[in-house]
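Some notes on the structure that comes next.
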Amino acid sequence: MKALLLESTEGPEAVRVADVDTPEPASGEVRVAIKAASMNHREMWISRGLYPGMVTPCTMGCDGAGVVDMIGDGVSGVDIGDEVVIYPGRDWGPNRHAPMPEFGLLGMPHPGTIAEYVCVPSENLAPKPAGMGWEEAAASILTGITAWRALMFKGQLQPTDTVLISGVGGGVATFGLAYAVALGCKVFVTGESEEVIERAKSMGATDGLLYTDPEWRKKVGKMTGGIDVVLDGAPGPSYANYIRAINPGARIVIYGSTAGDKFEATATALFLKSASIVGSQVGDPEDFRNMLAFIEKHDIRPVIEKTFPLAEADKALLFLEKEHKFGKVAIAV
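Just so we're aligned: 174 in UniProt numbering is position 174 of the sequence shown, and the numbers increase by one with no gaps anywhere.
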């Protein structure tokens, strides 16, 4: 089969579409003929070796939607021809608050979804949301579940909350905006350009600030009237700008470190407001089911910036690195 293959960690330029062995399902697994996948910044970091437990060669990608075409021994409740989306993790474990050490995602260390076929445990499947196209379904998975867990489970988001979403345009931030708007929250964003902020406003954001403006900390409190929940994937440069604008009981949810691994947090800013900083990663199978139900109920669709065929999946990764502005990059298989 054709697949996007990582053979070394020399960067996106070293990733290629190649012929690899077509997998067959083990006991308890099913094989899915992939109809669509999508790219995440995760693939970019992996291509540079910036990921724990690297295993090469590896088929890339953790977002996938397709049709069940083979069923392994011991599987029930799944039929050939089922249209499905795939939960991207394996071995989360019983603790809803954090995964087991064995937890891993498709695309590293497990074989990924940017391929013609992938084998996964049968419990990783969920029905494709009704009315969604294949690319939309695939593009809703990793970023969708990450935003869902961060806001709904970790951030305990309520309809009355005022929300600040950092770095809108990225996949997680854009899904976070859609969820918060659908819930009825008042949402503000930061973005890299006025064009990006206007795009966010067209999706329901009340207003936004340029994170390239070194003075945005002086504006955010007045603009928002106080923040209850922050969704932040780059706290390095942003935390100091919004911390004075948080309300009592605020929840700051950090799901990434795109702009650097360290930031300075002052104790008084937190305990005097009874605020909390919470880390969040991916989501468990219950988050996945809850997210899909919410997406279907509110007819939430991912913003797809561009779609590439599988034969050009290596070009999709370069596009994500150099040209991506807003939404998701999808792969049609």
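Backbone N, C-alpha and C define an ideal beta-carbon position, used for all residues, glycine too.
All values derive from a computational prediction rather than experimental measurement.
Asked, Found
"Spatially closest choice to D228 from Q156, P94 and G61, by CA coordinates", "Q156"
"Span of the alpha helix (DSSP H), counted from its first residue to its last, around K222", "R217 to T224"
"Neighbour-count burial assignment, H324, 16 or more Cβ in a 10 Å radius", "buried"
"Segment contact flag, the stretch 313-333 with the stretch 14-26, C-beta cutoff 8 angstroms, min 3 pairs", "yes"
"Residues sharing a beta bridge with D19, DSSP", "K2"
"K128 (DSSP reduced to helix, strand or coil)", "coil"
"Check whether V85 and G64 have beta carbons under 9 angstroms apart", "yes"
"Of the residues I254, L142, D69 and I71, the one placed nearest V329, counting alpha carbons only", "L142"
"Enclosing alpha helix (DSSP H) for A285 [first to last residue]", "The question names Ala, but residue 285 is Pro in the sequence shown. Per DSSP, P285 belongs to the alpha helix (DSSP H) from P285 to H298."
"At least three beta-carbon pairs within less than 8 angstroms, the stretch 214-230 to the stretch 131-145", "no"
"For A259, the nearest candidate out of A250, I277, D213 and Y239 (CA to CA)", "Y239"
"Check whether F319 and V168 have beta carbons under 9 angstroms apart", "no"
"Proximal residues to A126 (C-beta, below 6 angstroms), its chain only, five neighbours per side dropped", "V85 and L292"
"Neighbourhood of E321 by C-beta distance below 6 angstroms, restricted to the same chain and skipping five residues each side", "P12 and M44"
"Backbone secondary structure at S238 - three-state DSSP", "helix"
"G144 versus G184: straight-line alpha-carbon distance, rounded", "18 angstroms"
"Per-residue burial, R31 [other beta carbons within 10 Å of its own, 16 or more giving buried]", "buried"
"Contained alpha helix (DSSP H) runs [length at least 4] in the stretch 112-176, N- to C-terminal order", "134-138 and 142-148"
"Residue burial classification, V230 (beta-carbon count within 10 angstroms, cutoff 16)", "buried"
"Coarse secondary structure for L310, derived from DSSP in three states", "helix"
"S8 versus T307, H41 and M60, residue with shortest Cα-Cα distance", "M60"
"Alpha-carbon spacing of E135 relative to A275, whole angstroms", "39 angstroms"
"Boundaries (first-last residue) of the beta strand (DSSP E) holding A245", "It is not in any beta strand (DSSP E) - A245 carries neither H nor E in the DSSP assignment."
"Residues near S122 by beta carbon distance below 6 angstroms, same chain, minus five either side", "V30, V75 and V78"
"Span of the beta strand (DSSP E) around F188", "K186 to G191"
"Helix, strand or coil at K325 according to DSSP, with G and I counted as helix", "coil"
"Residue burial classification, H298 (beta-carbon count within 10 angstroms, cutoff 16)", "exposed"
"Beta-carbon proximity of G81 to D69, cut-off 9 angstroms", "yes"
"Of the residues G112, F153 and T266, the one placed nearest T56, counting alpha carbons only", "G112"
"Rounded Cβ spacing between D232 and I246 (contact assumed at less than 8 angstroms)", "With 8 angstroms as the limit, D232 and I246 do not qualify as a contact, their Cβ atoms being about 12 angstroms apart."
"Inter-residue spacing [alpha-carbon to alpha-carbon] between G89 and V20", "22 angstroms"
"DSSP state of L105 mapped onto helix, strand, coil", "strand"
"Exposed unless 16 or more other CB atoms sit within 10 angstroms - verdict on H97", "exposed"
"Three-state secondary structure assigned by DSSP to A259", "coil"
"Sequence-distant residues of the same chain with beta carbon closer than 7 angstroms to V172, five excluded per side", "T143, T146, A147, G233 and Y255"
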